[in-house]
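*Asks:*
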């Protein structure tokens, strides 16, 4: 297989993150690149909303941070300090299967990567119900730890290809979360709250190694 692109953007401009993911996805659809995984953070707080969500309003109407629509579905997410990722690929190779099977394969890789890093996460088995707030409840095949959701994901398919976007909160601003969603919504737990010594680098290395091992994906660094 031609090596996928591995893209590590660090703290990328928040207003451009969704467009960046969509551009990479379109390059995969157009066979410019064979596939890609991208890891990134946000240079300032922002909220993303699912493609099909209706207009979103902050609980604190005086709050001024960007609201950006994702190309994928799901509920609203406050991005403060995250390990965010996107995967763009054909639906046939190497992640062969329907939407749920794709989630199952990718979540399984992340589950094992967490284990490598010392965090024993679990795959949510129940279907659950949709929530307008992503981290209010775990959907099927998302990841939890100690009963709290630690990874949210959403997917879109187009012309035989898929884009999966996922987010793993590293740290959470409880005060900002309340201003966005209201003080009656419980904020999620960040990975660094669970394990202060958690290493993003080690986690990403583990994800790459597991993708190589389980799906025969090799990577080249995108400059």
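Numbering (our numbering), first residue to last: 15 to 237. Glycine residues also receive a C-beta, built at the ideal position from the N, C-alpha and C atoms. Remember, predicted model here, so these are calculated numbers, not experimental data.
#1: Where does the unbroken beta strand (DSSP E) through residue 55 begin, and where does it stop?
#2: Could you give the distance in angstroms between the alpha-carbon of residue 140 and the alpha-carbon of residue 128?
#3: Secondary structure at residue 140, three-state DSSP: helix, strand or coil?
#4: Is there contact between the stretch 90-100 and the stretch 176-185, where contact requires at least three CB pairs shorter than 8 angstroms?
#5: Determine the extent of the alpha helix (DSSP H) in which residue 22 is found, giving its start and end residues.
#6: Counting Cβ pairs closer than 8 angstroms, one from the stretch 155-162 and one from the stretch 69-80, do we hit at least three?
#7: Are the beta-carbon atoms of residue 145 and residue 89 separated by less than 8 angstroms?
#8: Tell me whether residue 276 is buried or exposed, calling it buried when 16 or more other Cβ atoms sit within 10 Å of its Cβ.
#9: Does the distance from the CB of residue 175 to the CB of residue 91 come in under 8 angstroms?
#10: CB-CB under 8 angstroms to residue 26, same chain, minus the five flanking residues each way: which ones, in chain order?
#11: If distances are taken between C-alpha atoms only, which option among 195, 82, 132 and 173 comes closest to residue 150?
#12: Cα-Cα, which of 39, 209 and 31 is closest to residue 62?
#13: Taking 7 angstroms as the line, does the beta carbon of residue 158 fall inside it for any heavy atom of the ligand GTP?
#14: With distances taken Cα to Cα, identify the nearest neighbour of residue 210 among 105, 133, 197 and 223.
#15: Which residue wins for smallest C-alpha separation from residue 52, given the options 230, 222, 199 and 71?
#16: Output the boundary residues of the beta strand (DSSP E) element that contains residue 180.
#17: Does residue 235 pass the burial test, meaning 16 or more other C-beta atoms within 10 Å, or should it be called exposed?
#18: Quick one: what's residue 99 bridged to in DSSP?
#19: Are the Cβ atoms of residue 70 and residue 81 separated by less than 8 angstroms?
#20: Where residue 218 and residue 212 are concerned, what is the direct C-alpha to C-alpha distance, given to the nearest angstrom?
#21: Please list, in chain order, all residues of the same chain as residue 28 whose beta carbon is under 8 angstroms from its beta carbon, the five residues on each side excluded.
*Replies:* According to the structure data:
#1: To locate residue 55, count along the chain shown from 1; it is residue 41. Looking at the DSSP string, the run of the beta strand (DSSP E) that includes residue 55 is 50-56.
#2: Here the question's residue 140 lines up with position 126 in the chain shown. Here the question's residue 128 lines up with position 114 in the chain shown. So the two alpha carbons sit approximately 21 angstroms from each other.
#3: The residue given as residue 140 occupies position 126 in the chain shown. Correct three-state label for residue 140: coil.
#4: yes
#5: In the chain shown, the residue the question calls residue 22 occupies position 8. Unbroken run through residue 22 is the beta strand (DSSP E), 18-26; no alpha helix (DSSP H).
#6: no
#7: On the chain shown, position 131 is the one that residue 145 refers to. On the chain shown, position 75 is the one that residue 89 refers to. Yes, they are a contact pair.
#8: Absent from the model: residue 276. The displayed extent of the chain is 15 to 237, so no value can be given.
#9: Locating residue 175 in the chain shown gives position 161, where the first residue counts as 1. Locating residue 91 in the chain shown gives position 77, where the first residue counts as 1. No. Outside cutoff.
#10: Stepping through the chain shown from its first residue, residue 26 is reached at position 12. Here the set comprises 34, 54, 55, 56 and 57.
#11: Looking up residue 150 in the chain shown gives position 136. Ranking the options by Cα distance to residue 150, first place goes to 195.
#12: The residue you call residue 62 lines up with position 48 of the chain shown. Nearest C-alpha to residue 62: 31.
#13: You won't find the ligand GTP in this model; it holds no ligand whatsoever.
#14: Position 196 of the chain shown, counted from the first residue, corresponds to residue 210. Residue 210 has its Cα closest to that of 133, out of 105, 133, 197 and 223.
#15: Taking the first residue of the chain shown as 1, we reach residue 52 at position 38. Checked all of 230, 222, 199 and 71; the closest Cα to residue 52 is 222.
#16: For the purposes of this step, residue 180 is taken as residue 166 along the chain shown, with counting starting at 1. Residue 180 -> beta strand (DSSP E) spans 175-185.
#17: Here the question's residue 235 lines up with position 221 in the chain shown. It is exposed - the Cβ of residue 235 has fewer than 16 other Cβ atoms within 10 Å.
#18: As a working note, residue 99 is residue 85 in the chain shown. Per DSSP, 53 and 180.
#19: The count along the chain shown starts at 1 and reaches residue 70 at position 56. The count along the chain shown starts at 1 and reaches residue 81 at position 67. The answer is yes: Cβ separation under 8 angstroms.
#20: Within the chain shown, the letter at position 204 stands for residue 218. Within the chain shown, the letter at position 198 stands for residue 212. Taking the straight line from one Cα to the other gives about 11 angstroms.
#21: Here the question's residue 28 lines up with position 14 in the chain shown. Cβ neighbours of residue 28 beyond the five flanking positions: 56, 57, 58, 59, 60, 80, 82 and 93.
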